[in-house]
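Participant:
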Amino acid sequence: SQQGEEDPQALSIQEGENATMNCSYKTSINNLQWYRQNSGRGLVHLILIRSNEREKHSGRLRVTLDTSKKSSSLLITASRAADTASYFCATDEDSSYKLIFGSGTRLLVRP
Amino acid sequence: DAGVIQSPRHEVTEMGQEVTLRCKPISGHDYLFWYRQTMMRGLELLIYFNNNVPIDDSGMPEDRFSAKMPNASFSTLKIQPSEPRDSAVYFCASTHGTGGLETQYFGPGTRLLVL
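Here the protein sequences line up with chains D and W, keeping their order. Our numbering numbers the first residue of the first sequence as 1 and each following residue consecutively. Our numbering numbers the first residue of the second sequence as 112 and each following residue consecutively.
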């Protein structure tokens, strides 16, 4: 079952612009994570936000969580060509260690 | 730390053959996960272990798939017999459990092609 669904599926922006990706999920969660995957590579953890948090920052990343709407957003500010990758949200299931990943947003940052 | 190590990185085999994928988790991690990624189905959790014991294998697609973790530093995912629809990238990930969902560290994956 897919818990998270990302929107948009693909995003193309110019270097220096901000990129916003959204994630919606279906059930109650304890935590939500964002991961990045470069082409042909494994996933790399970016940031974790807990259900009692509303916003979290890490460098150029800003994550928000709205549990009432069951949605989260990832904002990358001042994007760089190196940010080109697929971005996935992941939620826990039944408070277990099972991570359920969304379908991902493919981000292209044009130099 | 070397991170999660997977082998082989690429595997091409013929339908009906046995395929064994290997994973070495990060030292000290007590949870190990096997995922499969395809364009059609995205990233799916197949099975995960805690302290070498399988906890949830509900994602294992068929009896053709089996996974073992004989010790804390090694796990295998076996497909026997393999079929073309098993073609995918298989990832292993590990984490250290502290009572809740934690960051998972992924290996580079094994790209499997079954002809």
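Each residue gets a CB set at the ideal place from its N, CA and C atoms; glycine is no exception.
What does a CB cutoff of less than 7 Å around ALA85 of chain D pick up in its chain, not counting 5 residues either side in sequence?
Facilitator: Here residue 85 of chain D refers to the residue found at position 85 of the first sequence. So the qualifying residues of the chain are ARG36, GLN37, ASN38 and LEU107.
Participant: Grouping DSSP H, G and I as helix and E and B as strand, with all else coil, what is ARG175 of chain W?
Facilitator: In the second sequence, counting from the first residue as 1, residue 175 of chain W sits at position 64. In this structure, ARG175 of chain W counts as coil in the three-state DSSP scheme.
Participant: Assuming contact is defined by CB atoms lying nearer than 7 Å, are ILE76 of chain D and VAL63 of chain D in contact in what I supplied?
Facilitator: Start at 1 with the first residue of the first sequence, and residue 76 of chain D comes out as number 76. Start at 1 with the first residue of the first sequence, and residue 63 of chain D comes out as number 63. No, they are not a contact pair.
Participant: So LYS98 of chain D and TYR159 of chain W are in contact, right, with Cβ under 8 Å, and what is the actual spacing, rounded?
Facilitator: Here the question's residue 98 of chain D lines up with position 98 in the first sequence. Here the question's residue 159 of chain W lines up with position 48 in the second sequence. Contact flag correct, Cβ pair sits at about 7 Å.
Participant: Show which residues of chain W have a CB atom less than 8 Å away from the CB atom of GLN14 of chain D.
Facilitator: Taking the first sequence and counting its residues from 1, one reaches residue 14 of chain D at position 14. Per Cβ cutoff of 8 Å: no residues; GLN14 of chain D is ~27 Å from chain W at best.
Participant: What in chain W is Cβ-close to SER103 of chain D, meaning under 7 Å?
Facilitator: The residue you call residue 103 of chain D lines up with position 103 of the first sequence. Neighbours of SER103 of chain D on chain W, chain order: GLY153.
Participant: Quick one: is GLN117 of chain W buried, meaning 16 or more other Cβ sit within 10 Å of its Cβ, or exposed?
Facilitator: Reading the second sequence from its first residue, position 6 is the one you call residue 117 of chain W. Buried: at least 16 other Cβ atoms inside 10 Å.
Participant: In or out: TYR25 of chain D buried (at least 16 other Cβ within 10 Å) or exposed?
Facilitator: Here residue 25 of chain D corresponds to residue number 25 of the first sequence, with the count starting at 1. When all chains shown are included, TYR25 of chain D counts as buried.
Participant: Does the count of Cβ pairs from the stretch 9-26 of chain D and the stretch 163-183 of chain W closer than 8 Å reach three?
Facilitator: In short, these stretches do not touch, since the Cβ pair count stays below three.
Participant: Answer with yes or no whether the minimum CB distance from HIS45 of chain D to chain W is below 7 Å.
Facilitator: As a first step, residue 45 of chain D is located in the first sequence; it is residue number 45 there, counting from the start. Chain W, which has a Cβ nearer than 7 Å to the Cβ of HIS45 of chain D, makes this yes.
Participant: When DSSP labels each residue in this structure, what does PRO181 of chain W get in the three-state scheme?
Facilitator: The sequence position of residue 181 of chain W within the second sequence is 70, counting from 1. Correct three-state label for PRO181 of chain W: strand.
Participant: From the DSSP output, in three-state form, read off ARG222 of chain W for me.
Facilitator: In the second sequence, counting from the first residue as 1, residue 222 of chain W sits at position 111. The answer is strand: DSSP assigns ARG222 of chain W an E or B state.
Participant: What would DSSP say about PRO195 of chain W, mapped onto helix, strand or coil?
Facilitator: Looking up residue 195 of chain W in the second sequence gives position 84. Helix at PRO195 of chain W.
Participant: Considering ILE76 of chain D, what are the terminal residues of the beta strand (DSSP E) in which it resides?
Facilitator: Position 76 of the first sequence, counting from 1, holds the residue named residue 76 of chain D. Where ILE76 of chain D is concerned, the enclosing beta strand (DSSP E) stretches over 71-76.
Participant: Who are the near neighbours of LEU224 of chain W in its chain, counting only those whose CB is closer than 6 Å to its CB and skipping five residues on each side?
Facilitator: Counting from one through the second sequence, the residue named residue 224 of chain W turns up at place 113. Correct list, in chain order: VAL123 and SER198.
Participant: Give me the subset of the stretch 147-181 of chain W whose CB atoms are less than 7 Å from a CB atom of chain D, sorted by chain position.
Facilitator: Cβ contacts with chain D: GLY153, LEU154, LEU156, TYR159 and ASP167.
Participant: Taking a cut of 9 Å between CB atoms, which residues from the stretch 40-64 of chain D lie near chain W?
Facilitator: If the cut-off is 9 Å between Cβ atoms, the stretch 40-64 of chain D has GLY40, ARG41, GLY42, LEU43, VAL44, HIS45, LEU48 and ARG50 near chain W.
Participant: Is there a C-beta anywhere in chain W that falls below 7 Å from the one on TYR97 of chain D?
Facilitator: On the first sequence, position 97 is the one that residue 97 of chain D refers to. Chain W, which has a Cβ nearer than 7 Å to the Cβ of TYR97 of chain D, makes this yes.
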